């Protein structure tokens, strides 16, 4: 438990109907007694007059909720003040709290960090909370809720229990090796560890999909200059994002727009037209386009009337051909035909991108490994388990491999050695979370 009491507004800046101010730490009860006149009954909402302890002036009237430790969101004495959301009201309450000796404003993510320290959440759940705050689409929200609900923690705990059973067998043999029984590690441990390694391998196969769902499905708009890329980008974004001009080579750098397509996060990238550039700046833009191709999930090749094909081979990346300016030209392509000016074919193109994104990344309903850190540690545990099953390995080495696997899994949920990642994670949080 921390010896410091912290406070912060949990609502965004600006005017709102209601503002929420959170407090956590050993002085919460004393603060409520002076600010609201008494310490409310735990876990009940109380309507109270909030007054400045220095002169008794009324600041506001609102709801006060009190949760004594350990049954609170942070595991400490905790309170929430639900007050009117005007800026002056919020600032007045925060100013009074700041004048209490021993109180200080919370740092970004400090409430969540105390929840972790006091066993209310594990590290994977904290990461899920961070993802939930940042979620912009339905599938990202769904994936974050699974992590926040402890889906990864439950799986890791199951794996660690089996590792502990295996380590107990090895430790027992090391302690009683003079009993005369023959213990062959690879044979004795195989029924327990082989299925465990197979489960980890299956989860690792889905890791790339769930990581990418956090970041979004990347679609590059490609084509020759004046093929309609910028016009299409503006039509899909429903605003003037890119400059549209009849002059070839207007787009020199990549322009990104983030879309929510049926719950799927999609990053749409307008690129410089692929051709032999006429000046140095355009050459840089074309080079950046070519470099970005290998990082994309889908390439959309645009050409007037659908008569052009990519001049350069496209390998290992999905791509579709789209015939543009369908309202002006007779399209001969069997692929998609659109008109950004009239809207013809746009809905079909969006559906095609959303379907491909969902097939590639899933919908978040079965997500486990949502970060590269998770995938790396599960791989480390799997490699250590496989090393245990090498025939002829001394028992001491087998025990070490099992401990390595257990430590790797422990780091996923924050059970061991995670200080190196905590600051990076909590720096993403808002103050008051």
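Residue numbers (my numbering): 706 to 1138. The C-beta atom is built at its ideal place from N, Cα and C for all residues, glycine as well. A quick note: this is a predicted structure, and the numbers were derived from the prediction, not measured.
Query: Close beta carbons around residue 925, own chain, < 8 angstroms, minus the five adjacent residues each side; Result: 974, 976, 994, 997, 998, 1001, 1003, 1004, 1005
Query: Cβ shell of residue 748 (< 7 angstroms), same chain only, five flanking positions each side left out; Result: 772
Query: Nearest neighbour of residue 972, chosen from 1052, 942, 921, 768 [CA to CA]; Result: 921
Query: Same chain, Cβ closer than 8 angstroms to residue 879, neighbours up to 5 away in sequence not counted; Result: 1100, 1101, 1104
Query: Reduced DSSP category for residue 813 - H, G, I as helix; E, B as strand; rest coil; Result: coil
Query: Other residues of its chain near residue 820: CB distance less than 7 angstroms, five sequence neighbours each side excluded; Result: 778, 779, 780, 826
Query: For residue 878, the three-state DSSP class (helix, strand or coil); Result: helix
Query: Cβ pair residue 1158, residue 845 closer than 8 angstroms; Result: Nothing can be reported for residue 1158: it is not among the residues displayed for the chain, which extend from 706 to 1138.
Query: Residue from 769, 872, 857 whose Cα sits closest to the Cα of residue 912; Result: 857
Query: Runs of beta strand (DSSP E) lying entirely within the segment 881-940, each at least 3 residues, in chain order; Result: 922-928
Query: Residue 816 burial status per 10 Å Cβ neighbour count (16 or more: buried); Result: buried
Query: Whole-angstrom distance between residue 1023 and residue 1072, CA atom to CA atom; Result: 23 angstroms
Query: Residue 811 versus residue 929 - alpha carbon distance; Result: 53 angstroms
Query: Nearest to residue 1138 (by Cα), restricted to the options 1118, 1067, 709, 713; Result: 713
Query: Whole-angstrom distance between residue 1087 and residue 828, CA atom to CA atom; Result: 20 angstroms
Query: Residue 1140, enclosing beta strand (DSSP E) - first and last residue; Result: As shown, the chain starts at 706 and ends at 1138. That puts residue 1140 outside it, with no answer to give.
Query: DSSP three-state assignment for residue 755, whether helix, strand or coil; Result: strand
Query: Per-residue DSSP class, three states only, for residue 844; Result: helix
Query: Distance CB(residue 872)-CB(residue 1114) smaller than 8 angstroms; Result: no
Query: Range of the contiguous alpha helix (DSSP H) that encloses residue 803; Result: 792-804
Query: Residue 898 and residue 1051 closer than 8 angstroms at C-beta; Result: no
Query: Euclidean distance between Cα positions of residue 953 and residue 939; Result: Low confidence applies to residue 953: its pLDDT is 46, below 50, so where it sits in the model is not reliable, and the reading given next is rough at best. Cα to Cα, the separation comes out at about 17 angstroms.
Query: 8 angstroms Cβ cutoff met for residue 1041 and residue 1056; Result: no
Query: Residue 734 vs residue 782 beta-carbon contact at 8 angstroms; Result: yes
Query: Length of the line joining the Cα atoms of residue 1080 and residue 1062; Result: 21 angstroms
Query: Residue range of the beta strand (DSSP E) that includes residue 1007; Result: 1003-1009
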